[in-house]
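In terms of the working numbering, the sequence shown opens at residue 215 and continues consecutively. Using N, Cα and C, we set each Cβ at its ideal position, and we do this for glycine too.
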Amino acid sequence: MRIAVISDIHANLHALESVLTDVDRESVDEIWCLGDVVGYGPRPNECCDLIRERAAISLCGNHDLASLGRLDVAEFSGDAAAAARWTSTVLGDEQRAWLGSLSPLGRRDGAELFHASPRDPVWEYVLSEEVALLSLEVTTEPLVLVGHTHVALALALDGDQIDGGLAPGGVTVELDGRRFLVNPGSVGQPRDGDSRAAWLLVDTDRRIAGFRRVAYPIDETQKEMRDAALPETLAGRLAHGL
Ligand code: ZN
């Protein structure tokens, strides 16, 4: 089976469309989305509609929950809270109902999916070897998929150690029988210094995971954000992938 794993779209429709065009060239069997479909970006309804139509499974993330009013935005930074409040005012009824039906964790054949981490599917950031190890200890499937940090990672459990690290675009990881914790990176707001949209191709027959990056019209998303009067820092950072 060939699976496209995407995460953290953040209402960036141009990034999502560019990723889906790239995904469609790879004739995948399923698309799995790890959540944060909305928040930060200017096109939440269109992104909900596309993910709902195209993904075999989608999780919800902390920004989705905040935009639904199910999570206190006081826990967010000022800009993130402002964007969540804006999103909640523009979300349509259908999109709100769909987002509200999602869970921050899920399971597909051979894989456990979490927006953030297995121990805390909404909030915990898997950015250290220690947290990766704890995440693999409380799961059992060969592949554990997480989003939330907006940083692409491929980490293998090697005995009681973690092997691996950052996974820039173009890297292909061999799924060699060890258990893996993988983050595809972010479609709509990458934070690993590469401004291109990120996605992950998992091929379970060939036993490989390929980290992809796709250029998209960043200036068009920035213009939409400025037109919507979303915080300028959120628009500016897209150009830097930070
Ligand atoms: Zn996110």
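Under 6 angstroms Cβ to Cβ from ARG330, same chain only, skipping five residues before and after it: list those, please. Residue 330 sits at position 116 when you count from the first residue of the sequence shown. For clarity, residue 330 is Ala in the given sequence; the question names Arg instead. Cβ within range, chain order: VAL336, TRP337, GLU338 and HIS362.
Exposure of GLY391, with buried meaning 16 or more beta-carbon neighbours within 10 Å: What you label residue 391 is simply residue 177 of the sequence shown in a count that begins at 1. Under this definition GLY391 is an exposed residue.
Taking the runs of the beta strand (DSSP E) that are 3 residues or longer, which of them lie wholly in the segment 332 to 402? 357 to 360, 367 to 372, 375 to 380, 386 to 388 and 394 to 397
Could you check where the alpha helix (DSSP H) with CYS247 kicks off and where it finishes? Residue mapping note: residue 247 aligns to position 33 of the sequence shown, counting from 1. For CYS247, there is no enclosing alpha helix (DSSP H); the residue is part of the beta strand (DSSP E) that begins and ends at 244 to 247.
What do you get for SER291, buried or exposed, if any count of 16 or more other CB atoms within 10 angstroms of its CB means buried? Residue 291 sits at position 77 when you count from the first residue of the sequence shown. The residue is exposed, with fewer than 16 neighbouring Cβ atoms inside 10 Å.
So, do the segment 245 to 264 and the segment 227 to 234 have three or more beta carbon pairs nearer to each other than 8 angstroms? yes
Are ALA175 and CYS247 close, meaning C-beta to C-beta below 8 angstroms? Beyond the ends of the chain as shown, which are 215 and 456, falls residue 175; an answer cannot be given.
Less than 8 angstroms between the CB atoms is what I'm expecting for ARG333 and SER317, so what's the real figure, rounded? The residue labelled residue 333 in the question sits at position 119 within the sequence shown. The residue labelled residue 317 in the question sits at position 103 within the sequence shown. Actually they do not touch by this definition, with Cβ atoms about 16 angstroms apart.
Let's test the definition: count the other Cβ atoms within 10 Å of the Cβ of TRP301 and tell me whether it reaches 16, buried, or not, exposed. To locate residue 301, count along the sequence shown from 1; it is residue 87. The identity of residue 301 in the sequence shown is Thr, whereas the question assumes Trp. It is buried - the Cβ of THR301 has at least 16 other Cβ atoms within 10 Å.
SER409 by DSSP, collapsed to three states: which one? Translated into the one-based positions of the sequence shown, residue 409 becomes position 195. Three-state DSSP puts SER409 in coil, outside helix and strand.
Let's see if you can read the secondary structure: which residues bound the beta strand (DSSP E) around ARG321? The residue labelled residue 321 in the question sits at position 107 within the sequence shown. Residues 319 to 322.
Compute the minimum distance between the beta carbon of ASP222 and the heavy atoms of the ligand ZN, and state whether it is under 7 angstroms. Position 8 of the sequence shown, counting from 1, holds the residue named residue 222. It does: the Cβ of ASP222 is within 7 angstroms (strictly closer) of some heavy atom of the ligand ZN.
Suppose contacts are defined by Cβ-Cβ distances below 8 angstroms. Is GLN436 in contact with LEU456 by that definition? Along the sequence shown, one-based indexing puts residue 436 at 222. Along the sequence shown, one-based indexing puts residue 456 at 242. Taking 8 angstroms as the Cβ cut-off, GLN436 and LEU456 do not qualify as a contacting pair.
So, with DSSP's three-state summary, where would you put VAL237? Residue mapping note: residue 237 aligns to position 23 of the sequence shown, counting from 1. Reduced to three states, the DSSP call for VAL237 is helix.
Where does MET439 land, buried or exposed, given buried means 16+ other C-beta within 10 angstroms? Counting from 1 along the sequence shown, the entry for residue 439 is found at position 225. Flag for MET439 reads buried.
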